[in-house]
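Numbering (the working numbering), first residue to last: 151 to 1087. What follows is a short report on a single structure.
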Amino acid sequence: MARQHILVVDDDQKSLQVLEISLKKAGFLVTTAQNGLDGLEKAKTSVPELIISDVKMPKLNGYQFCKRIKEDPKLEKVPFIFLTSQKSVDDKIKGLELGVDDYLTKPIYIKELLTRVRLLLQKREKESLEEVSAQRQFAGSLTDMGVVDLLQTLEIGRKTGVLYLTGPGASSGLIYFSEGQIIDAIQGQIKAERAIYRMLAWNEGAFKIDFKPLDRQVVVSTSTQGLIMDGMRRLDEWERLAEQLPPLDTVLIIDPQELLVQYPEKFPTKAGQILQLFDGTRTILTVVDSCGLDDLPALNIISKLYFQGLLKELEQGATPPMITMASAQPAQPSNVVEFPSQPPEPASEPAGSMPDDFGDSAGEVSAVSVRDLLASTHVSPAPVPASVPQPAAASMEDIAAQAEARALSQPPPPPPPEETDEEATEPSAEMPSPRVAAPHAQKSGRQDKVYEVEDEVKLVSPKPWQRHPALFAGVGGALGVLLLIAGAAAFGLLAPLGVPALIGGSSAPNLKPIEAQVALHVPAALQGAVAKIDGFSESQETLPEVAALKARALLRLGMLEDNVGGALKDADSALRLVDDAGQRTPVVQVTWAELDVLRGRFDDARKRAQPFLSASDSATAGWAAYVSGLADLREGKNLGQAIELLGSAERALPGSVAVALALSEALLRVSDYDKAREQASRAASESARSAEAQELLARACAALRDRDCARGAWDRAVSLAPDNAQFALGQASNLWQEEKNAGEAGAKLKSIVSNENWKDESEVRARAYFLLGEIAAAGGDNDAARDYYEKVQAIDSGYPGLSSRLAALRPARRPAPKPAPVDPATEGRRLLRKGQYRAAIPFLQKAVLQDSRDAELFSELGNAYLQIDESDSARRSFERALKLDRNNATALRWLGQLYSTAGEREQAAVMFERFLKVAPTHPDAPLVRALLRRIER
């Protein structure tokens, strides 16, 4: 959705800052100026969609500024709001005569301001559509006005016609609308709701609206607003899934070796139907469109297939092999992969299992033959470099078929031990499992495939004897290994190998995909990154950038899995490989400093990182600043310096989740909750699966008393890390302390203390029992409260506040008699006088139910709704009051204002005229007269 641009002009720096932050939080793009002259220049440079200005300002006051704006043809129609501390009616009239659209008196209530801003912007959009309706067509850029904005504007204006859209690449689509409601849509091969959901994601491209009568069947019955809300929810899920895949215009192909290793015989039907569509010509998006499933389930299955390594990217400029069965065509060319016509005898425990989420229905996973699946998938042949020797087809066919049969009949290897000597690692320790995979956020190809071709032909991890040990079982000596590799390459089983690869070349691997996984800062991605690096050759593992990246991945994984000790040991080993090779580069030194932070050696960490803070390489300088700031943060000293260093790191490493998390935590400690929330939100958007980001966001939102935000973030944190006791406790604590939801909080706290997996989490259990005691005491159950507090005492006798609570408990008293019932009308009016509008509404609602003929009650209810920015409810209440008493001055006054804001000028004029007739001496009468003159003009 395009962000709407607002210009704010005020010479009061504090007021300007508050307005800027509030409007940005509400989703607007904000430009600020401190005087009228500066504001005029900025408005001419970039035309805003709304201007908010103070009246008293140097150089050019508010009235002069407004006059100059309204004299400029490019700016005259921009909505204008005046802010002033002056309460004189004459001042308001002067502003209205200049063309000001609204007038707010300081102090400003942010909710009221935001409501007025949104209403004026909606009104301006509606007027824009009315202006172009006569032209029949209206065109523009999606960057300036997004699809959601367009649909909402068409709905408000109740327009009829066709919206033509062009999106990224060659994408295009049509949306048909009648009286503001969508009735049909087409985008490529997809139609109706699916097409709308797809086009809602377009934020680049162009649009054209053709206003004309339609004679088209209604296919879409959901309201426009309902489609937008559902579309936004689906878009979030779509983007989450797309993060785990290469760009959706990437062509993927089946990896037949991986498929046969993981699933020797059967494969789930639904996933198989999608898998066989990847024939070497279709992109991911093309398969989603043509598979016959809804977009989200289809993309979810493709994501899982890619995670498991069953799909891989098609190399640029290369074509994959044709996949057939040996029995189908006896004589095949050398660029065709053949499989034995008879499957090998299955092992007692097959290497692959079918995940439940590939099933066709609940509780049932139907399956197809893997070999039938491969036989039905046709892709074009792959070239074989001339540098690779190509033995006779017959002998190589025998070698490949026999070796593949042995590989498929191997049972899955036992899991590797926790600590292994690098030189003594068993080759079978890295046999893949169909359920273990890491997210892929970059376009770069997967690096955990058997072989891959990059700038020059070379061996890529994991090593073939580690990946497929059975392929090498029974082949004697180095000559047999070389013959098998060359023959397999000739038949397309493996990507071709060059001579440097065969003799163990040490060229630097492509680390960008692994860096992307480490940046996600989630366990699955970090595990995948470590697994990929573990597959590198020994010469590659001693490269400084490789060792440092592995150490960073291990450290983050250790922190997330609460295994810092093990992570430090593994990271230390990775870096010592580089030290032994004498390669102590800056990136290695900074990574050593990060290890020092986790060991609590804060001074050592700062000394190591200090020389690189001014490094010419921005990435190195950024990591050095991050480590130095992290040392200050963990030590709890000089938090101001920590925030400054982490801020420098953020500028140097704008996509780093780790930096955003550390900065958010530091800002929380100094009670800068707005900025803490901003950093946590950034981390959460960079890595949608980061539970730590959600936890920090929840804490910041709770401190800002944003209950919905806090609750949502805690729910997501617990969902992403269900085994984290601290997150579960934070969620329950928020429910009680912030929401006073005793029932739900109590249930979650009881599940925490009864969880056997958390029986050693003494701090968590003590806190949970303490909160249960508070809930029981608040409910008057002193016996239960005492029991809970005593359990806290058994865990930690010195728990803060415990002794005073135990001493304060007394036997439960007889409950006090219930107070006499309150008259809802009296109580509602009392709360209105105190300015407690939201609290007054339930009482006034009860009052109008009891006496539905009291016009004044409806008028007071409308006033309460108006004060909390619920304009529609206010309008309905005032209209009801007028039906009961057509001379109700309050209803006439505010209905006129509401009609005017909504652009219903004629009705507004009628209301204002009746108000002036009924209450000519009312304090608001001069202002209403000015408003009426504007309408008539």
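In this text, a Cβ means the ideal position worked out from N, Cα and C, and glycines have one as well. In this text the structure is predicted, and so the values were computed from the model without any measurement.
Non-local beta-carbon contacts of Gly189 in its own chain, meaning distances under 7 Å to residues more than five positions away in sequence, involve Leu157, Val159, Ala183, Ser203 and Phe215 in chain order. Secondary structure note for Ile404: it is in no alpha helix (DSSP H), and the uninterrupted beta strand (DSSP E) holding it is Val401 to Ile404. Residue pairing by DSSP places Tyr259 in no beta bridge whatsoever. The shortest CA-to-CA distance from Arg827 to any of Gly442, Leu847, Ala771 and Ser1021 is the one to Leu847. In summary, Tyr259 is exposed, with fewer than 16 beta-carbon neighbours lying within 10 Å of its beta-carbon over all protein chains present. The alpha-carbon separation between Ile902 and Val972 amounts to approximately 41 Å.
In terms of Cβ geometry, Ala1052 and Ala1041 do not form a close pair [threshold 8 Å].
Here the region 261 to 269 makes contact with the region 1018 to 1027; the two share three or more CB pairs at distances below 8 Å. Take Arg1079, set aside five residues on each side of it, and no residue of its chain has a beta-carbon closer than 6 Å to its own. When the Cα atoms are used, Asn891 and Ala897 turn out to be separated by approximately 10 Å. The beta carbons of Leu789 and Leu813 sit no closer together than 8 Å. In terms of Cβ geometry, Ile336 and Leu324 form a close pair [threshold 8 Å].
Just so you know, the alpha carbons of Trp742 and Pro761 end up roughly 13 Å apart.
Scanning the region 952 to 1014 for uninterrupted alpha helix (DSSP H) segments of 4 residues or longer gives 952 to 958, 974 to 983 and 987 to 1000, listed from N- to C-terminal end. The beta carbon of Leu446 lies closer than 8 Å to those of Arg384, Glu387, Trp388 and Leu391 in the same chain, with the five residues before and after it left out. Spatial neighbours of Arg274 in its own chain (CB-CB distance under 6 Å, excluding positions within 5 residues in sequence) are listed in chain order as Pro229.
A distance below 8 Å separates the beta carbons of Arg857 and Glu888. In this structure, DSSP gives Glu463 an extended state, which the three-state scheme calls strand.
With fewer than 16 other beta carbons inside 10 angstroms of its own, Asp933 counts as exposed. In the three-state reduction of the DSSP assignment, Pro418 falls in the strand class, which pools E and B. About 6 Å separates the Cβ atoms of Leu271 and Leu200, confirming a contact at the 8 Å cut-off. If you check the CB distance, Thr310 and Ser321 do not come in under 8 Å. For the pair Ala875 and Leu301, the Cα-to-Cα distance works out to about 44 Å. Between Leu455 and Ala421, the C-beta gap is smaller than 8 Å, which places the two residues in contact.
Per DSSP, Lys220 is one residue of the alpha helix (DSSP H) stretching across Gly212 to Glu221. Judged by DSSP secondary structure, Lys358 falls within the beta strand (DSSP E) whose first and last residues are Ala356 to Phe361. Under the three-state reduction of DSSP, Ala871 is assigned to coil, being neither helix nor strand.
Distance from the CA of Val807 to the CA of Arg917, rounded to the nearest whole angstrom, comes to 30 Å. In the DSSP annotation of this structure, Phe686 is not part of any beta strand (DSSP E), being labelled neither H nor E.
Cα atoms of Tyr938 and Leu922: separation of roughly 6 Å, rounded to the nearest angstrom. In this structure, Ala997 and Pro974 form a Cβ contact; the two beta carbons are roughly 4 Å apart against a cut-off of 8 Å.
Taking C-beta atoms under 8 Å as the contact rule, Gln412 and Gln458 qualify, at a distance of about 7 Å. The three-state secondary structure of Asp444, taken from DSSP, is coil. Residue nearest to Arg849 within the set Tyr823, Phe288, Val180 and Val298 is Tyr823 (criterion: CA-CA distance). Using a 10 angstroms sphere on the CB of Gly177, the tally of other CB atoms stays under 16, which defines it as exposed.
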